[in-house]
């Protein structure tokens, strides 16, 4: 699919926001549909997660609120792009509520049936 850079930005920013919305709803199927089979993540803790490990971990976390700013989309080639942004997230895990601010980076790959997330990293901001 050929898209303009503006259309690509809108599409991938929407994908990022839809992942958080799916997590807020507890919609595992929607998350699975967006994550590539070989997906991996370096979490804000520094831990490396496989796709299966991430899906299990986020099932334990309730996102209460999330806001985004400073989105940037960097096309790599026709089928790959990197999205960076800052996210402020309020969550509950094991009864404890926390708020974090992270600089996030996601690598997306276009497949025959849509865009899939292949890599994500969250780096804590002071």
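Residue numbers (the numbering used here): 72 to 197. Beta carbons: idealized from backbone N, C-alpha and C, even for Gly. Remember, predicted model here, so these are calculated numbers, not experimental data.
Item                                                                                                                                     : Value
Distance check for residue 191 and residue 90, CA to CA, integer angstroms please.                                                       : 12 Å
When we look at the beta-carbon of residue 94 and count the other beta-carbons within 10 Å, is it buried (16 or more) or exposed?        : buried
Measuring only the C-alpha atoms, how far is residue 116 from residue 193?                                                               : 8 Å
Considering only their Cβ atoms, is the gap separating residue 156 from residue 141 smaller than 8 Å?                                    : yes
I need the straight-line Cα distance from residue 88 to residue 119, nearest angstrom please.                                            : 22 Å
Could you say which of 126, 153, 133 and 121 lies nearest to residue 83 if we only look at CA atoms?                                     : 153
Which residue from 113, 197, 163 and 189 puts its Cα closest to that of residue 106?                                                     : 189
Rounding to the nearest angstrom, what Cα-Cα distance links residue 184 and residue 104 in this structure?                               : 10 Å
Do residue 113 and residue 162 have their CB atoms nearer than 8 Å?                                                                      : no
By a C-beta neighbour count over all protein chains shown, 10 Å radius and 16 as the cutoff for buried, is residue 76 buried or exposed? : exposed
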